[in-house]
Amino acid sequence: MKTKIMMASNRLKIPRKTHFWSVTPSPGTHKKEDALPLLIALRDYLKLGDKEREITRILANGDVMVDNKVVKDRRFPVGFMDTISIKTINQDFLVLYDKKGKIIITKNPEENKGMKLLQVKTKTVIGKDKYQIGFHNGFSIITDKNDLNTYDVVLVKMPKVEIQEVMRLIPGNKAFIIGGSHVGEIGTIKSVEVNKSSGSNFVHFNEGFTTVKNYVFVIGNPKYTFKIPENEVMAYDE
Numbered sequence: 035m036k037t038k039i040m041m042a043s044n045r046l047k048i049p050r051k052t053h054f055w056s057v058t059p060s061p062g063t064h065k066k067e068d069a070l071p072l073l074i075a076l077r078d079y080l081k082l083g084d085k086e087r088e089i090t091r092i093l094a095n096g097d098v099m100v101d102n103k104v105v106k107d108r109r110f111p112v113g114f115m116d117t118i119s120i121k122t123i124n125q126d127f128l129v130l131y132d133k134k135g136k137i138i139i140t141k142n143p144e145e146n147k148g149m150k151l152l153q154v155k156t157k158t159v160i161g162k163d164k165y166q167i168g169f170h171n172g173f174s175i176i177t178d179k180n181d182l183n184t185y186d187v188v189l190v191k192m193p194k195v196e197i198q199e200v201m202r203l204i205p206g207n208k209a210f211i212i213g214g215s216h217v218g219e220i221g222t223i224k225s226v227e228v229n230k231s232s233g234s235n236f237v238h239f240n241e242g243f244t245t246v247k248n249y250v251f252v253i254g255n256p257k258y259t260f261k262i263p264e265n266e267v268m269a270y271d272e
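Numbered per the working numbering, the sequence shown spans residues 35 to 272.
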């Protein structure tokens, strides 16, 4: 579905006067307000073509993968921690947030190749020793692992979503902030403050700031840290 580009999500970092039309993201993996349609990612962020038909041709040729799967839908929603691979230029990109909370696309470090971070959002018992785990991007898996809890982040090997490592929201682990006044920052967790009333829980960081628990996305533990690139933003500069 087409929409005026001026009506696009405020999280998109795009030139709103260059093109009149945009597209709405397809329903699916990410929430609409947090999703970047693949057309916008390829045209306005990565500059792979000036016209919608040029991007449509690239997609039709099977030259674009999202999380190691070929995608041909120009409305396909990409979002935080998704990888975009472009066959024609042999490059991989990673979707993140900048320090204004805008969606950006960076070059994905070689160390991350084939790997992805997923934050646990839901856990449902579906049978004896069987659990359905729902992740931040809409993915879900069925597992016999009972030790996964909300806010845990799993490192998975794509495209089969094979769990390699579990990283918990505990002191000593590193995290990326996905919302609030510290969005886009990386810090080491100092402590977690649990509010027993209906108020928010807070996470305190060694770097001297505090944010609500909902804004914390763990990216590393003493054993493994997912590489977050710095200063390699591929996006319109407002």
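C-beta: ideal position from N, C-alpha, C; glycine also.
In this structure T245 does not touch I253 by the C-beta definition: roughly 15 Å separates them, more than the 8 Å allowed. Here the segment 117-132 makes contact with the segment 75-82; the two share three or more CB pairs at distances below 8 Å. Three or more beta-carbon pairs separated by less than 8 Å link the segment 146-159 to the segment 177-192, which places the two stretches in contact. Here V57 is buried, its C-beta having at least 16 other C-beta atoms within 10 Å. The Cβ atoms of E199 and T222 do not sit closer than 9 Å to each other. Counting C-beta atoms within 10 angstroms of its own C-beta, R108 has 16 or more neighbours from the protein chains shown and is therefore classed as buried.
When the five nearest sequence neighbours on each side are left out, the beta carbons in the same chain lying within less than 6 Å of the beta carbon of R202 are those of D186, in order along the chain. Nearest in C-alpha terms to T184, of all of I139, P61 and F251, is F251. Exposed is the label assigned to S232, since fewer than 16 other Cβ atoms lie within 10 Å of its Cβ. At the C-beta level, L93 and K106 come within 9 Å of one another.
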